[in-house]
Amino acid sequence: MDIDEGFYSRQLYVLGHDAMRRMGEADILIAGMRGLGVEVAKNVILAGVRSVLVQDEGMVEWNDLSSQFYCKEADLGRNRAQSCVSCLARLNAHVSVEAHSGPLEEGLLSQFQVVVLTNSSLDEQKRIGDFCHSRNIKLVIADTKGLCGQLFCDFGEQFRVLDCDGETPLSVMVDSITKGNPGKVTCTEEHDFVDVTHVTFSGVQGMVELNTCGPVEIQILDDYSFSICDTSRFSAYEKGGVASEVKKAATITFKSFCVALEEAVRSSEMMVPTDYGKLEEHRTLHIAFQALHQFEKSTGHLPSSRSKVDADRLVTMARACSGASSLEELHEGVVRKLAMSCRGDLAPINAFIGGLAAQEVMKACSGKFTPLCQWLYFDAFECLPEEEEDKEEALTEDMCGPKGCRYDGQIAVFGSAFQDKLARMRYFMVGAGAIGCELLKNFALIGLGAGEGGHITVTDMDSIERSNLNRQFLFRSQDVGRQKAEVAARAVREMNPALNISAHQNRLGPESEGVYGYSFFRQLDGVAAALDNVEARVYLDGLCVRYQRPMLEGGTRGTKGSTEVVVPHLTKSYGPASSSSDKAIPLCTLKNFPHRIEHTLQWARDQFEGIFKHSAENVNQYLRDATNFLSRLAERGEVEALEVLEVVSASVSDLRPLSWEDCVRWARLRFETLYNHDIRQLLHCFPPGTMTSSGVPFWTGAKRCPHPLTFDPECTTHMDFVVAAANLYAQTHGIRGASRDRGPIKAALKGVHVPQFSPKSSVKIHVSDEDMEGDQGKDVDTARLEALKADLCSTRPEQDRQALMMHPLEFEKDDDSNFHMDYVVAASNLRAENYDIPTADRLKSKLIAGRIIPAIATTTAAVAGLMCLELYKLVQGRVQSQAYRSAFLNLAVPLFVMSMPSKPRLFKVSGREYSQWDGILVEGRPSGQQEMTLGAMLQHIKQVHGLEVSSLFYGPAMLYSAGPSHEDRLQQRVSEVVCRVTKSELPPHTEMLEMVPDFVGEDEAEDEEEADAMAYLPIRYVLVPPGQN
0 MDIDEGFYSR
10 QLYVLGHDAM
20 RRMGEADILI
30 AGMRGLGVEV
40 AKNVILAGVR
50 SVLVQDEGMV
60 EWNDLSSQFY
70 CKEADLGRNR
80 AQSCVSCLAR
90 LNAHVSVEAH
100 SGPLEEGLLS
110 QFQVVVLTNS
120 SLDEQKRIGD
130 FCHSRNIKLV
140 IADTKGLCGQ
150 LFCDFGEQFR
160 VLDCDGETPL
170 SVMVDSITKG
180 NPGKVTCTEE
190 HDFVDVTHVT
200 FSGVQGMVEL
210 NTCGPVEIQI
220 LDDYSFSICD
230 TSRFSAYEKG
240 GVASEVKKAA
250 TITFKSFCVA
260 LEEAVRSSEM
270 MVPTDYGKLE
280 EHRTLHIAFQ
290 ALHQFEKSTG
300 HLPSSRSKVD
310 ADRLVTMARA
320 CSGASSLEEL
330 HEGVVRKLAM
340 SCRGDLAPIN
350 AFIGGLAAQE
360 VMKACSGKFT
370 PLCQWLYFDA
380 FECLPEEEED
390 KEEALTEDMC
400 GPKGCRYDGQ
410 IAVFGSAFQD
420 KLARMRYFMV
430 GAGAIGCELL
440 KNFALIGLGA
450 GEGGHITVTD
460 MDSIERSNLN
470 RQFLFRSQDV
480 GRQKAEVAAR
490 AVREMNPALN
500 ISAHQNRLGP
510 ESEGVYGYSF
520 FRQLDGVAAA
530 LDNVEARVYL
540 DGLCVRYQRP
550 MLEGGTRGTK
560 GSTEVVVPHL
570 TKSYGPASSS
580 SDKAIPLCTL
590 KNFPHRIEHT
600 LQWARDQFEG
610 IFKHSAENVN
620 QYLRDATNFL
630 SRLAERGEVE
640 ALEVLEVVSA
650 SVSDLRPLSW
660 EDCVRWARLR
670 FETLYNHDIR
680 QLLHCFPPGT
690 MTSSGVPFWT
700 GAKRCPHPLT
710 FDPECTTHMD
720 FVVAAANLYA
730 QTHGIRGASR
740 DRGPIKAALK
750 GVHVPQFSPK
760 SSVKIHVSDE
770 DMEGDQGKDV
780 DTARLEALKA
790 DLCSTRPEQD
800 RQALMMHPLE
810 FEKDDDSNFH
820 MDYVVAASNL
830 RAENYDIPTA
840 DRLKSKLIAG
850 RIIPAIATTT
860 AAVAGLMCLE
870 LYKLVQGRVQ
880 SQAYRSAFLN
890 LAVPLFVMSM
900 PSKPRLFKVS
910 GREYSQWDGI
920 LVEGRPSGQQ
930 EMTLGAMLQH
940 IKQVHGLEVS
950 SLFYGPAMLY
960 SAGPSHEDRL
970 QQRVSEVVCR
980 VTKSELPPHT
990 EMLEMVPDFV
1000 GEDEAEDEEE
1010 ADAMAYLPIR
1020 YVLVPPGQN
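So the sequence shown is numbered by numbering that gives the first Met the number 0: it starts at 0 and just counts up by one.
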């Protein structure tokens, strides 16, 4: 089976080709097309199974529209499966999607490898559970009732898991291997093989037997070494080699539904926790769901919302079930909450449980990741409003009864007044990618901003690419190239025509502060961050702190996801960014001593950027304004200036290519320079066998002794490099006639004269970054530098300058026709060959060099669901931090950790406690008057807040310091002082100035950490008159 890598690219990094192929041969039945069923179906179809049959005998009702995003008001009274099948089919052209409106008969069930039941009766679950278990058909049962969810899996008595966690196998470079029984392997770095039992070897020289002997059992000796098999009869080890972890498979035994139903309460191993603080409550939910089925069977309906009579009856039934199941303690409060809200059908709960259920379907199809064994329960009772029974605002049956509207499933839980409040909300969402699409879908379903005064603003600067379609489900193939925000807004408006939403294409940053400033934020109720990088999150978080607005934040990486809610004065904020876990690769490692494929890929990416982007940009800047270019270049130091001017000079001189053949020649010579001459020069400076001053071999450990490559036109990788390099060089110089045809290229190569290598004794190769920094600026050929400057200073005619303009290339990893990844893969693998580093295929190279974040729709849906549960609490105005939840989940394992958000850190200023949320807000034009002076502002702060400013900063600029030197500034307007000190005019859109003061009597910081905290009491000086937007 061929895999559409362009469509599935981000998911491939999560599952891999083998799992995707197995999944592509699976046929899935999903029964029940209410909100939960359609969520499961959407995720499974996007994942890429062979076929999906959606089944439902029921008709669309008002209650369905609160979470069934593919049913509309016009579908009321139509069959649910038939109403949504066409929309589901458009999600993925590779998947056959059909609808069935008849019953679930055994003949139908036997046609599928996986059966999913949603919102089904207990009797049906038992019947189908027994049938599927006896026929080895994988079964997933999912159910949601109000704020609760249930999930069950039965994958048969012998289910094989090929990869339990999906983590990249660990690997380590080999430093030495002894001959003996057992042999001892010493590594060049700490190996992290704590739980590893077997490894394979590759690239070992000398003791080559290890490369072909298959998995080898290991015993850990210490952090740097482990023992292996008997190596006494193997050849002597010479150098090189990588030891790689062998992932362990596992066989899991599942019990049938009926058996697992009875044993779940007695066996803690059969219930996967979603909240470690609710273990006993979720045991109660296991009983309560059974009692709920009994209630519905005996009465023909679920308990009425907020009905105390029905709640009492359900508690009685739960007690009876509890006694029969030997549950130690029944939490009756949990049963009552379930009874009061079970008629609800909430989009966020369905998104979370639907994401989990779909992931289990994928596990059943592929054998990838550890399946759920076997029960899972989830509740979000913290979302219920805080109330006392005797309060007038306590919810009643009438408040939560059906109103004949699309929000009935939500009103059943929260009441109609809360629905009205949701409709009036004004929210700002940043990002319309994967999480953004899921959030917008949820917003439309719950009615956020869908009433008078309500509004959603979404911004995303990106356009839709084909690789987005696999998980950003609001987009279709015909949308490729269009703006994400615009298409997403249109799609959710179709789901809920009442939604008030506007789409922007602005990048969030200092350049958009004129749009997203004080006036914009003060009319918001909150912000949702659907961003894919930490820097943007931190910037948005800073705006939320400045303007005192809550923020919902979520992120994913493969099967892992996290959510965080930021509430002014109640929780800590998201930022600032912590130091990155991805350590920067030392420059000397990249330049001369790579030892991992990550090093060669980064080197190749740097080569691309330097040759095909930065060099072309430098040439264009020179051609536009030579004098200014040379002046600015002088500020970058002589070493960099000489490198840049050499390239610029070559690009505007006779060395510039004029034909396609010239580009081929350049590419061939580039190969010789990078993979032969540069390596031979390195070996000339440090020959094999070189010893350091301390008497140890220079080429040892992480320093791998390289060898030069000899160009071979019959070698695929060699030609890959030449073809890609020549084409890219032609593109940057605007040369026509470029080609992929290797025949003519090989013919052209025969005429290329390749100069012989001649070692240079004057070249110094740095062995460390410190050594490189110490020599910065030394040994620069200043005569050559001045000659280049003089030559380039001469004025060129306008027509010549236009003809010489180049075309810089922006690296684009997802276009397989543009030669970008062709170049990077070939350049990296050739350098890896130089240093005997195992090469990487195109998929892995693209992941690393393209800095791709693996992604899958299931995790995205689950994370967005959890974020919207926190949104409920924000809209309610909850003021207790214990009501909120931050979450971490890993659907591969599966693992779920819910925790209360951290409180903001406190610090003291002049004896008073403050947090990062505190600041001194000053209206610069009170009552519409003229702007106040600096002196008036300082006096205002002293009178109102009891704080005397001793010095004041705007960014790095000091605006004021107590004493005679700045007395004249006290009479100037605050904005005038800022302009005077910074020597620049304020942008016309500036509405607020944030200044950092020091105060008289302020406590001195005892350490750097405390000093950082004490910077969080800014003066927020508003330039906009009150009431003016």
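Yeah, the Cβ is synthetic: ideal placement off N, Cα and C, and Gly gets one too.
Starting from Ala-831, trace the beta strand (DSSP E) both ways and give me its first and last residue. Residue 831 sits at position 832 when you count from the first residue of the sequence shown. Looking at the DSSP string, Ala-831 is not in any beta strand (DSSP E); the run it does join, the alpha helix (DSSP H), is 819-833.
By Cβ distance, which residues of its chain are closer than 7 Å to Leu-121, with the 5 residues on each side in sequence left out? Sequence index remark: in the sequence shown, residue 121 carries index 122 (1-based). So the list reads Gln-289, His-292, once near-sequence residues are dropped.
Length-filtered (4 minimum) alpha helix (DSSP H) runs lying within the segment 455-522: With a minimum length of 4 residues, the continuous alpha helix (DSSP H) runs that stay inside the segment 455-522 are 483-494, 517-521.
For the alpha helix (DSSP H) that contains Met-897, what are its first and last residues? For the purposes of this step, residue 897 is identified with residue 898 of the sequence shown, where counting begins at 1. That residue, Met-897, is in no alpha helix (DSSP H); its beta strand (DSSP E) goes 894-898.
Leaving out the 5 sequence neighbours to the left and right, which residues in its chain are closer than 7 Å to Val-643 when beta-carbon positions are compared? Here residue 643 corresponds to residue number 644 of the sequence shown, with the count starting at 1. Asn-617, Leu-632, listed in sequence order.
Considering just the uninterrupted stretch of the alpha helix (DSSP H) at Pro-347, what are its terminal residues? Residue mapping note: residue 347 aligns to position 348 of the sequence shown, counting from 1. Counting along the chain, the alpha helix (DSSP H) containing Pro-347 begins and ends at 346-365.
Close beta carbons around Ala-92, own chain, < 8 Å, minus the five adjacent residues each side: Along the sequence shown, read from residue 1 onward, the residue named residue 92 stands at position 93. Within the same chain, Ala-92 has close Cβ partners Ser-476.
Closer than 8 Å to a non-hydrogen atom of the ligand SAM - does that hold for the CB of Thr-562? Only the bare structure without any ligand can be found here, which leaves the ligand SAM out of the picture.
Meets three-Cβ-pair contact criterion under 8 Å: the segment 451-469 and the segment 408-419: no
Anyone know if the C-beta pair for Gly-408 and Met-424 falls short of 9 Å? In the sequence shown, counting from the first residue as 1, residue 408 sits at position 409. In the sequence shown, counting from the first residue as 1, residue 424 sits at position 425. The answer is no: Cβ separation not under 9 Å.
With a threshold of 8 Å on Cβ separation, who are the neighbours of Gln-67 within its own chain once the five nearest residues in sequence on each side are excluded? Counting from 1 along the sequence shown, the entry for residue 67 is found at position 68. If we look at Gln-67 and ignore the five residues flanking it on each side, its Cβ neighbours are Met-32, Arg-33, Gly-34, Val-37, Val-59, Arg-79, Cys-83.
Let me know the secondary structure DSSP gives Asn-889 once reduced to three states. To locate residue 889, count along the sequence shown from 1; it is residue 890. In the structure shown, Asn-889 sits in a strand (DSSP, three-state: E or B).
For the segment 121-130 against the segment 316-333, are there 3 or more C-beta pairs whose distance is under 8 Å? no
Output the distance between the C-alpha atoms of Ser-579 and Arg-556, rounded to the nearest integer angstrom. What you label residue 579 is simply residue 580 of the sequence shown in a count that begins at 1. What you label residue 556 is simply residue 557 of the sequence shown in a count that begins at 1. Note on Ser-579: pLDDT 45, under 50, position unreliable in the model; the coordinate value appears next. Ser-579 and Arg-556: Cα-Cα distance of roughly 15 Å.
Measure how close the beta-carbons of Ala-141 and Val-115 come, nearest whole angstrom, since I'm counting them as under 8 Å. Indexing the sequence shown from 1 puts residue 141 at position 142. Indexing the sequence shown from 1 puts residue 115 at position 116. With a Cβ gap of about 7 Å, Ala-141 and Val-115 count as contacting.
Less than 9 Å between the beta carbons of Val-48 and Val-94, yes or no? Translated into the one-based positions of the sequence shown, residue 48 becomes position 49. Translated into the one-based positions of the sequence shown, residue 94 becomes position 95. Yes, these two residues count as a Cβ contact at 9 Å.
Top-ranked residue by Cα proximity to Thr-857, from Ala-46, Ser-175, Gly-15: Stepping through the sequence shown from its first residue, residue 857 is reached at position 858. Comparing Cα-Cα distances from Thr-857 to each of Ala-46, Ser-175, Gly-15, the minimum goes to Ala-46.
What number of angstroms, rounded off, separates the C-alpha of Val-862 from the C-alpha of Asn-889? Position 863 of the sequence shown holds residue 862. Position 890 of the sequence shown holds residue 889. Rounded to the nearest angstrom, the two C-alpha atoms are 11 Å apart.
Assumed close pair Glu-24, Gly-516 - CB separation to whole angstroms, cut-off 8 Å: For the purposes of this step, residue 24 is identified with residue 25 of the sequence shown, where counting begins at 1. For the purposes of this step, residue 516 is identified with residue 517 of the sequence shown, where counting begins at 1. A Cβ-Cβ distance of about 54 Å is found for the pair Glu-24 and Gly-516, leaving them out of contact under the 8 Å criterion.
Helix, strand or coil for Asp-997, going by three-state DSSP, please let me know. On the sequence shown, position 998 is the one that residue 997 refers to. Looking at Asp-997 - three-state DSSP - the assignment turns out to be strand.
Which residues bound the beta strand (DSSP E) around Ile-1018? Looking up residue 1018 in the sequence shown gives position 1019. Taken as a continuous stretch (DSSP letters only), the beta strand (DSSP E) holding Ile-1018 covers 1018-1021.
Pro-900: which of Val-564, Cys-364, Leu-278, Gly-240 sits nearest, CA to CA? Here residue 900 refers to the residue found at position 901 when the sequence shown is read from its first residue. Nearest option by C-alpha distance: Val-564.
My understanding is that Tyr-953 touches Leu-992, with C-beta atoms under 8 Å, so please give their C-beta distance in whole angstroms. Position 954 of the sequence shown holds residue 953. Position 993 of the sequence shown holds residue 992. Yes, Tyr-953 and Leu-992 are in contact; Cβ-Cβ is about 7 Å, under 8 Å.
Going by the CB atoms, is the gap between Gln-204 and Asp-835 shorter than 9 Å? Taking the sequence shown and counting its residues from 1, the one referred to as residue 835 is at position 836. Taking the sequence shown and counting its residues from 1, the one referred to as residue 204 is at position 205. Cβ distance < 9 Å, so Asp-835 and Gln-204 count as in contact.
Which word fits Met-0, buried or exposed, when buried means at least 16 other C-beta atoms lie within 10 angstroms of its C-beta? By one-based count along the sequence shown, residue 0 stands at place 1. With fewer than 16 other Cβ atoms within 10 Å, it is exposed.
Starting from the Cα of Phe-368, find the closest Cα among Lys-336, Ala-18, Ala-287, Glu-105 and give me that residue. Translated into the one-based positions of the sequence shown, residue 368 becomes position 369. Out of Lys-336, Ala-18, Ala-287, Glu-105, Ala-18 has the C-alpha closest to the C-alpha of Phe-368.
Spatial distance of Ala-935 from Leu-969 (CA atoms): The sequence position of residue 935 within the sequence shown is 936, counting from 1. The sequence position of residue 969 within the sequence shown is 970, counting from 1. Taking the straight line joining both Cα atoms gives about 8 Å.
Could you tell me the distance, in whole angstroms, from the CA atom of Ile-352 to the CA atom of Thr-143? By 1-based counting over the sequence shown, the position of residue 352 is 353. By 1-based counting over the sequence shown, the position of residue 143 is 144. Distance between the alpha carbons of Ile-352 and Thr-143: 8 Å.
Find out if the Cβ-Cβ distance for the pair Val-995, Ser-949 is shorter than 9 Å. Counting from one through the sequence shown, the residue named residue 995 turns up at place 996. Counting from one through the sequence shown, the residue named residue 949 turns up at place 950. Not closer than 9 Å, so no.
Please identify the residue among Lys-745, Ser-844, Cys-684 whose C-alpha is closest to the C-alpha of Val-766. Residue mapping note: residue 766 aligns to position 767 of the sequence shown, counting from 1. Checking every option, the nearest Cα to that of Val-766 belongs to Cys-684.
Enumerate, from N- to C-terminal direction, the unbroken alpha helix (DSSP H) stretches of 4 or more residues contained entirely within the segment 312-346. Here the runs fully enclosed are 331-340.
Keeping to the same chain, check which residues put their C-beta closer than 6 Å to that of Gly-435; ignore five residues upstream and five downstream. Along the sequence shown, read from residue 1 onward, the residue named residue 435 stands at position 436. Excluding positions up to five away in sequence, the list reads Ala-529.
Just how far apart, CA to CA, sit Cys-147 and Tyr-275? Residue 147 sits at position 148 when you count from the first residue of the sequence shown. Residue 275 sits at position 276 when you count from the first residue of the sequence shown. Those two C-alpha atoms are separated by around 16 Å.
Is Ala-789 buried or exposed, if buried means 16 or more other CB atoms sit within 10 Å of its CB? Taking the sequence shown and counting its residues from 1, one reaches residue 789 at position 790. Per the 10 Å Cβ criterion, exposed.
Provide the residue span of the alpha helix (DSSP H) that contains Thr-981, from first to last. Within the sequence shown, numbered from 1, the residue matching residue 981 stands at position 982. Start and end: 973-981.
Should the segment 673-683 be called in touch with the segment 699-710, which here means at least 3 C-beta pairs below 8 Å? The segment 673-683 and the segment 699-710 touch, with no fewer than 3 CB-CB distances between them shorter than 8 Å.
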